[in-house]
Amino acid sequence: MRITVEEAACRLQRGEVVAIPTETVYGLAANIESEEAIQKIFSLKNRPVSNPLIVHARDYTTVCEYIHEKPPHFEDLCTHFWPGPLSLVLPVCTKKVPEIVRAGLNTCAFRVPSHPVAQLLLETCTFVAPSANLSGKPSGTCVEHIEKDFGVDFPVVEGKVSCGVESTILAFDESEEKWQLARLGAISEEDLFKLLGYRPQRRQKGEKPLCPGEYFRHYAPNTRLLLEKCPSEECVVGFSDRYYAGAKKVFALGATTDPLQVAHNLYTVLRLLDEEKIDVARVDLDIPDEGLWRTIKERLIRAASPT
Ligand code: TXA
Ligand code: MG
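Numbering (numbering that gives the first Met the number 0), first residue to last: 0 to 306.
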């Protein structure tokens, strides 16, 4: 059910869950004050309660009300990237952020979204919002995706997402005194390097997870995705400016000259594979290992991963 921003604000106040556009992907929002609504998010998404949520706040000052420590570069990161697609995992005053949001951790992820719909709603309350999708599946990036996952009666505000992939998440590593990359996203490692003066390290497999939910399967369609070229390939997830000899069907992500467009289309294409009940598709991963391409590549690899 398509609702206005005003209606969404009322519903958040009443302790209901609503789907809203952000500049990254659609989110399922619940008022931080409503434990019942937050619980509902987990059941709607079929999300394990060990996977914490991101708190969405109106501005830097609001975020500061929840935290008890400001790591080095925190202010610079906020000034430069907020409002926008960067989430920061920070040590919090545990009394102020409900345990269910943090999955029991003493840290919490925060972001200040720039989307006008999210900003309007944040004037009325602070909310938590995971991506709007069933747990493990590709995120929702338009109203149709929300209707497909949660039904046509689910309240959703219409709006355009601009990035198409989730926010980049940085977490401060106390022992190294440096920010670590907890999730690649809409902001590139190069942009972070410019501000931090070092490249935030990606978390290594086998390293103690930052949160129990870190290694859950993500972004995956039912279609089996192959990352290696095979002799007879019927379906290819690839690019509009490349030719795939022998392929009967090409699901184009966009042009190899336009990573913004490719990121924007990524989840729509992954979802389309399931809609068309494609059994197997090969993914063309011949893309640069830099900037936004790196995020796109990582999402495609994770979408193809069986675990
Ligand atoms: O772009 C986005 O960030 C979107 C939009 C809706 O804002 N939200 C989003 O939320 O992607 P979600 O729940 O789908 O992904 C949040 C990720 C999860 O992988 C979770 O494990 C991680 O953030 N996370 C949350 N709190 C954390 C914490 N305290 N420590 C480490 N990771 C955390
Ligand atoms: Mg998600």
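From the three backbone atoms N, C-alpha and C, an ideal C-beta is built for every residue, glycine too.
Computed from a predicted model, the values in this text were never measured in an experiment.
- DSSP lists V156 as the beta-bridge partner residues of I2.
- Taking C-beta atoms under 8 Å as the contact rule, D240 and T256 qualify, at a distance of about 7 Å.
- Here Y25 is near I145, since their CB atoms are less than 8 Å apart.
- Distance from P129 to V111 at the Cβ level is roughly 17 Å; contact not present, criterion being Cβ atoms closer than 8 Å.
- Proximity of the region 146-164 to the region 92-108 falls short of the contact definition, fewer than three beta-carbon pairs being nearer than 8 Å.
- Contact check for I2 against P154 passes: the beta carbons are separated by less than 8 Å.
- By the neighbour-count criterion, in which a residue is buried when 16 or more other Cβ atoms sit within 10 angstroms of its Cβ, Y242 is exposed.
- Comparing C-alpha distances from I99 to each of R270, T78, N30 shows the shortest one belongs to N30.
- Scanning the region 87-147 from its first residue to its last, the whole beta strand (DSSP E) runs of 3-plus residues come out as 106-110.
- The beta-carbon distance between A262 and L291, rounded to whole angstroms, is 6 Å. This is short enough to meet the 8 Å contact definition.
- Cβ neighbours of R101 within its own chain (closer than 6 Å, five residues either side excluded): P51, C107.
- With distances taken between CA atoms, E206 lies nearest to Q179 out of Q179, A219, K94.
- Residue nearest to S33 within the set L11, E143, F250 is L11 (criterion: CA-CA distance).
- In the DSSP annotation of this structure, R202 is not part of any beta strand (DSSP E), being labelled neither H nor E.
- The three-state secondary structure of V261, taken from DSSP, is helix.
- The beta carbon of R201 lies closer than 6 Å to those of L180 in the same chain, with the five residues before and after it left out.
- Residue state for R301 is assigned as helix, using DSSP reduced to three classes.
- For D278, no alpha helix (DSSP H) run applies, since DSSP gives it neither H nor E.
- The ligand TXA never approaches R216 closely enough for any of its heavy atoms to be under 7 Å from the residue's Cβ.
- When only Cα atoms are considered, L195 and H72 end up about 7 Å apart.
- By the CB criterion at 8 Å, L209 and A302 fall outside the cutoff.
- Under the three-state reduction of DSSP, T167 is assigned to strand.
- Annotated three-state conformation of D172 is strand, per DSSP.
- By the neighbour-count definition (other C-beta atoms within 10 Å, threshold 16), H67 is an exposed residue.
- At least one heavy atom of the ligand TXA is found less than 7 Å from the C-beta of P84.
- At a cut-off of 7 Å, the beta-carbon of E165 counts as near the ligand MG: some heavy atom of the ligand is closer than that.
- The beta strand (DSSP E) runs of length 3 or more contained entirely in the region 22-84 are, from start to end of the chain, 25-30, 53-55.
- Going by DSSP, K247 is part of no alpha helix (DSSP H) at all; its letter is neither H nor E.
- Contact between the region 42-57 and the region 183-193 is absent: fewer than three C-beta pairs spanning the two stretches fall below 8 Å.
- Here the alpha carbons of I186 and E289 stand approximately 11 Å from one another.
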